[in-house]
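K.L.:
To start, I am sharing the structure in question, which I have written as structure tokens.
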Amino acid sequence: MARERTTKKSIRKSKAVVAVAQTESEEQTNKETNKNTKQNDTLNSISISILTVFNQSQSSLTAHRKLVNNLHRLFITSCGIIDDGEEDNNPERTIKLTGEKTFTEAFYTVLDHVITTKKGIVEVDRVIKFIGAFCSFATDHDPLKDSPDQTPTNRLLLHIIKYLSRGFEAKNKIVRFRCCQLLAYVVNSLEDIDNDLFSELKSKLLIRSHDKEKDVRQQAAIALMNFRPVGEEEEDEDDEVNVNDALIDLMIRDPSPEVRRTVLHKLCEAPTATTLPAILTRLRDVDTPIRRTVYRDLFLAINCKPEPTLSPDPSQCFTLDQRHLILKGLKDREEAVRKETTNLVNCWIRLGFGGNVEKFLKKMNLVDLISDEEEDEDETSKTENIERAVKAWISSGGLDDHLDAEDFESPGGPVDELWSEAWWTNINPERAFLLRVVTDHYRSTQDEAKLDQVMPVVTALAFRIEHNFKALSELLEAISQTSSTDMVEDENEEKIRKAEAKTFVLKELLSVAILADYGDEIGRRKMFSLLRDLIADQLLPLPLITGCLEIILKLSTGERDFMRVIVESVQELRGNLEADPAFAQDAAQSSRQANGDGNEDEEDEPDEGEGEASFRKGKNGQLKITTFSLNPVNASLDLRSLAIVKALLERVVGSIKDNTSMFGIVHELIVPAVRCKEGPIRERGLVCLGLCSLLDRQIALDSFGVFIHQVQAAEVELRTKVLKIVFDLLLQHGIGFLADKGHGPERVVEFLLYSLDQESKEVQATAVVGISKLMLSGIITNSEVLQMLVLVYFSPETCDNQKLRQCLSYFLPVYSYCSSANQRRMQAMMLPALDVLGGVYDDQEDKSEMLSPSQISVQLVDWTDPSKVVILPGCQVDWEVHLDAAIEIVKNLYTVTEKDERKMLCQMLPRLNIPETIENEMKLRGLVLLMDDLQEQRPLTDSISKNTLSKFRTGLQKKFPGQLNVLEEEVLQQIEGLAPYFEFIKDFAENAANGESGGEESGSELVGADSDDYQAKPSSKRISKTPVKQPTKVKPKSLAKRKQNLSDGEDEDEGKKRVPRRSS
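Those letters in the sequence shown? Residues 1 to 1064, per UniProt numbering, in order.
Next comes the structure, spelled out in structure tokens:
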């Protein structure tokens, strides 16, 4: 019994334990259920709150700061919600980041809507900026920032980056655009990133930087800025594409100005030695805002706070050539660019040099911009740009601030007060340049009060010029008398530098003297006497001659007096030398050598033609060049004399016949110089002869043969100068002045065509510039010359001749649009030019060097559009130019057999501008008649050409229903105005019946052995489509062969009015 009671008690106890356990288990389950329910409610609440915050961020940017804080608190709260998969005492328990997952999924929901929204939605742009602000704030305020483990913030950003990277390859351009845009914001917030992910993102962004959509390329470029190497040496050598190189390539070559401007702006934020040269290339960008952006961003980089990213001293970050390139913005055609350049230059002077403009000028190396030879255009342009920079500084009040700074000192000591005696005593190139620019500025602004403060008295100025010239003479004599063995090389170079500096100072002082007021008779006489002595002085540097002559011209009573004074100075200069015993001995020795070898030299002298023989005759036909001969022993004196005469001739406009003092110079100096075998002397002699020819028609007539001979025989540099002289003479005297020599305009045209047939790029470009001027002025109206210009312009051989292409790209449209007569000439050679250029294009191996015939045809049609002609008073527009062009195109379709060429011709028809009203109804009916007959005799086979022609025919019928009413063929044949069109149709039908519709048999007789060259005017029938000797070269045909082909083609094709065709 006791055992049974014990057993029952144990059973009851066990049941009690089980009941307690079940109760505890149920309580635990209920507790966990309540916990999960509460957690889910919290997560749902967080998700709703996140979406609410993003919804509020769409409204305004002003509330973003508050909303970023709210979203970050939600993020911190969600990060604290985790799910322990095991008991707390299990060290290997799994922790589920439930809160982070919920936050990330809510973020994905927002991103899903953002990346599919097109560009231009303001609300989406605000959300994107909000996302970027949140990512940056979360990174900066990460509570676990110093932890070595991955933080929730890092995990969130990486999830977002991986999510966005999947959209780079999307077919939808909107998705690609938004993903690149968002990634740029997110990546910018990361402090570090995994190397593999870094390389993957960089690779994908580099691919997107070449996307076909400009918006995608723009955002990819912005994102790539975060992948640039920190240092120049940190770029991986194994990388196939350097990020900096890719960005620079985008900035330079991307077709979209927006992309180029975006990359430029980003690169300017932190310019480096690698990116600065590339940035400066955008100073020549065709887009004005881009040029303006360069100057503005460089200015902002200098003034960047708290520390500038670019030195305010330009010499520390730019080379001398780059500084000159930047200053070119001061003469940009756009006011906005000039303004930004002015701000940058003033910033340099104010911050980089402490307001001391002399230091700025010293960094520009003014002395190097003066040379002993003729003025170089590039050096002149650089000097003018520096002058503009100083004037901009003066206009901004910089000079007044400099004068007001009483205690202004430089690191080297106090600065001399402007225009003081100490300032004049220590005058240097920078001060002389500043004086000249300030004087010129006050003169141009008519500020007489300030001009009187700056401009010295004429007498004092003359004495200062004299003083500086004496110092220069001493230096030059010391240099000439001292050999390299007697002086240390460094010391000699120092003297040369001082002499160059003095020369520059004198040049600027002479420029100031030109602006002076010579009301003071004493000062005028002193200056006049000084300059006469300087001209006759052998030590006067050549660059100072022009300045001296400018002042003498101003002080002379007239042009005749001016010429007399200069001629006397030249005679005095040469007389002083001839009186020198050493010169007399050298001259006698040279004369004996000349007498001994005279016959041999005469035989070696090339025959310069009848032109020079005529030139040798003087005023009375008895000119003898025996009164004076050049001495090769003293070539420097001859060059100096010619330089003075050249400067003289450039400043006079009267005829030489009215100034007898010039006869001796022409006969005794210029003519022997032209016949001299020394290259420099001969060159200057020809230039002086050309200037004389501009002043005197008879001299021009007598010397024209000399210039023509030099164009053919001289070296390239001299040939270019002489060619300019020839064109100047034609512009001055016209092409008819050669009629007295028996040379009509056709001979001039031959020479012009010959001048285009040159191997030298410089000579060919000079010829194009000269011919363009002749044609724009109406002196040359020959269509053959116009056709050659068009052929040269589109020729692949001139693709690298930028000077030639730039000239013709301006000339051809201007010439075409200035008158209807010019458009007529362009229309007449349009199809022959296309014929030749089509053959050239077919033979090209590299098609990228030349426009396709279709593109060329579009350009030619545009140039002949009568609606673009400038209407001048008294001039009428020829509205039938394109109607005649349509007739010739349809006629061409009869003979052309190639599919591509027929297609090109048909596509030209819809682009023609046919006027609303046509007075000549016969042309309109003739055009329709030809198109109808073409469909019967030579129907078009390809559908594109056939449809194009049909639409053009239908369009004409709808446009002119009254004039194109249907008539019987018998009635049409009775109309007299349509007879030429029926005759053309009849001739073609007969030729087709005889097998002569442009085939090889009829064309072979017109093509000579060298017909593969350019033709100035293609013959009427051609067999070959190859007007070039080599597949990749195009060269104009020589003049003789071209004229022979023209004459043969005209003789054989007499009576036929068909435009030249190209056949298969």
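The C-beta atom is built at its ideal place from N, Cα and C for all residues, glycine as well.
Note that this is a predicted model, so its numbers are computed, not measured.
Would you call Ile82 buried or exposed, if buried means 16 or more other Cβ atoms sit within 10 Å of its Cβ?
P.N.:
It is exposed - the Cβ of Ile82 has fewer than 16 other Cβ atoms within 10 Å.
K.L.:
Going by alpha carbons, who is nearest to Arg126 out of Pro229, Ile161, Ser59?
P.N.:
Of the candidates Pro229, Ile161, Ser59, the one whose C-alpha sits nearest the C-alpha of Arg126 is Ser59.
K.L.:
Three or more C-beta pairs under 8 Å: does that hold for the stretch 249-257 against the stretch 271-282?
P.N.:
Yes, since at least three Cβ pairs between the stretch 249-257 and the stretch 271-282 fall closer than 8 Å, the two stretches touch.
K.L.:
Are at least three pairs of beta-carbons, each pair with one atom in the stretch 950-968 and one in the stretch 895-905, less than 8 Å apart?
P.N.:
Too few Cβ pairs lie closer than 8 Å, so no.
K.L.:
For Lys526, tell me which candidate among Gly519, Ala462, Lys502 has the shortest Cα-Cα distance.
P.N.:
For the residues Gly519, Ala462, Lys502, the minimum Cα distance to Lys526 belongs to Ala462.
K.L.:
Terminal residues of the continuous alpha helix (DSSP H) containing Phe737?
P.N.:
Neither: Phe737 is in no alpha helix (DSSP H) and is coded neither H nor E.
K.L.:
Output needed for Pro312: all residues of its chain with C-beta closer than 7 Å, excluding positions within five of it in sequence on either side, in chain order.
P.N.:
Around Pro312: Ile302, Cys347, Trp348, Leu351, Gly352.
K.L.:
For Thr660, is the classification buried or exposed, using 16 other Cβ atoms within 10 angstroms of its Cβ as the cut-off for buried?
P.N.:
Looking at its Cβ environment, which holds fewer than 16 other Cβ atoms inside 10 Å, Thr660 is exposed.
K.L.:
Among Glu430, Pro429, Leu451, Asn428, which one has its Cα closest to the Cα of Thr439?
P.N.:
For Thr439, the nearest C-alpha among the options comes from Leu451.
K.L.:
Beta-carbon separation of Arg208 and Phe168 under 8 Å?
P.N.:
In this structure, Phe168 lies closer than 8 Å to Arg208 by Cβ.
K.L.:
Count the other C-beta atoms from every protein chain shown that fall within 10 angstroms of the C-beta of Asn154, then say buried if there are 16 or more, exposed otherwise.
P.N.:
So Asn154 ends up on the buried side.
K.L.:
May I ask you to report which of helix, strand or coil DSSP gives Lys119?
P.N.:
Correct three-state label for Lys119: coil.
K.L.:
So does the stretch 732-746 actually touch the stretch 691-708, counting three or more Cβ pairs closer than 8 Å?
P.N.:
Contact between the stretch 732-746 and the stretch 691-708 is present, because at least three Cβ pairs lie under 8 Å.
K.L.:
At what residues does the alpha helix (DSSP H) containing Ile914 begin and finish?
P.N.:
Element bounds for Ile914: n/a, residue is neither H nor E.
K.L.:
How many whole angstroms separate the CB atoms of Asp728 and Leu694, which I take to be in contact at a CB cut-off of 8 Å?
P.N.:
Right, the Cβ-Cβ distance comes to about 6 Å (below 8 Å), so this counts as a contact.
K.L.:
Tell me whether Leu472 is buried or exposed, calling it buried when 16 or more other Cβ atoms sit within 10 Å of its Cβ.
P.N.:
Flag for Leu472 reads buried.
K.L.:
Excluding the 5 residues preceding and the 5 following Glu550 in the sequence, name in chain order all residues of the same chain whose CB lies nearer than 8 Å to its CB.
P.N.:
Excluding positions up to five away in sequence, the list reads Leu510, Ile514, Arg651.
K.L.:
Around the C-beta of Thr917, are 16 or more other C-beta atoms found within 10 angstroms, so that it is buried, or is it exposed?
P.N.:
Thr917 is exposed by the Cβ-count criterion.
K.L.:
So Lys498 and Leu475 are in contact, right, with Cβ under 8 Å, and what is the actual spacing, rounded?
P.N.:
That belief holds up - the Cβ atoms of Lys498 and Leu475 are roughly 6 Å apart, short of 8 Å.
K.L.:
Under the rule that 16 or more other beta-carbon atoms within 10 Å means buried, what is Glu508, buried or exposed?
P.N.:
The residue is buried, with at least 16 neighbouring Cβ atoms inside 10 Å.
K.L.:
Could you tell me whether the Cβ atoms of Ile128 and Tyr185 are closer together than 8 Å?
P.N.:
Their beta carbons are under 8 Å apart, which means Ile128 touches Tyr185 by this criterion.
K.L.:
Indicate the three-state DSSP secondary structure (helix, strand or coil) for Asp196 in the structure shown.
P.N.:
Reduced to three states, the DSSP call for Asp196 is helix.
K.L.:
Based on Cα-Cα distance, which residue from Cys875, Pro980, Pro910 lies nearest to Met922?
P.N.:
Here the closest residue by C-alpha is Pro980.
K.L.:
Once the 5 residues before and after Met225 are set aside, which same chain residues still bring their CB inside 7 Å of it?
P.N.:
Lys266, listed in sequence order.
K.L.:
Classify Asp835 as helix, strand or coil using the three-state DSSP reduction.
P.N.:
Helix, per DSSP.
K.L.:
Have a look at Glu919 and Gln710 and give me their C-alpha separation to the nearest angstrom.
P.N.:
Rounded to whole angstroms, Glu919 to Gln710 spans 53 Å at the Cα level.
K.L.:
Taking all protein chains shown into account, decide if Ile496 is buried (16 or more other Cβ within 10 angstroms of its Cβ) or exposed.
P.N.:
Under this definition Ile496 is an exposed residue.
K.L.:
Within its chain, find whatever has a CB closer than 7 Å to the CB of Ala714; leave out the 5 residues flanking it on each side and keep chain order.
P.N.:
Here the set comprises Val722.
K.L.:
Looking at C-alpha atoms only, which residue of Leu418, Leu327, Ala422, Val175 is the closest neighbour of Thr383?
P.N.:
Answer by Cα proximity: Leu327.
K.L.:
Run the CB neighbour count on Tyr108, radius 10 Å, all protein chains shown included, and call it buried at 16 or more, exposed below.
P.N.:
Tyr108 comes out exposed.
K.L.:
Could you check what DSSP says for Asp83 in three-state terms: helix, strand or coil?
P.N.:
Of the three classes helix, strand and coil, the one that applies to Asp83 here is strand, per DSSP.
K.L.:
How far does the alpha helix (DSSP H) with Ile349 in it extend, from its first residue to its last?
P.N.:
Looking at the DSSP string, Ile349 is not in any alpha helix (DSSP H), and its letter there is neither H nor E.
K.L.:
Report the start-end ranges of each beta strand (DSSP E) in the stretch 633-677 that is 3 residues or longer and not cut off at the edges.
P.N.:
For the stretch 633-677, not a single whole beta strand (DSSP E) run of length 3 or above is found.
K.L.:
In the DSSP assignment, what are the bridge partners of Lys951?
P.N.:
Paired residue(s): none; Lys951 is not in a bridge.
K.L.:
List the whole-angstrom C-beta distance separating Lys391 from Val454, where the pair is believed to meet the contact cut-off of C-beta under 8 Å.
P.N.:
With 8 Å as the limit, Lys391 and Val454 do not qualify as a contact, their Cβ atoms being about 14 Å apart.
K.L.:
Using CA coordinates, which residue listed in Ser381, Leu756, Ser395 is at the minimum distance from Asp447?
P.N.:
It is Ser395 whose Cα lies nearest to the Cα of Asp447.
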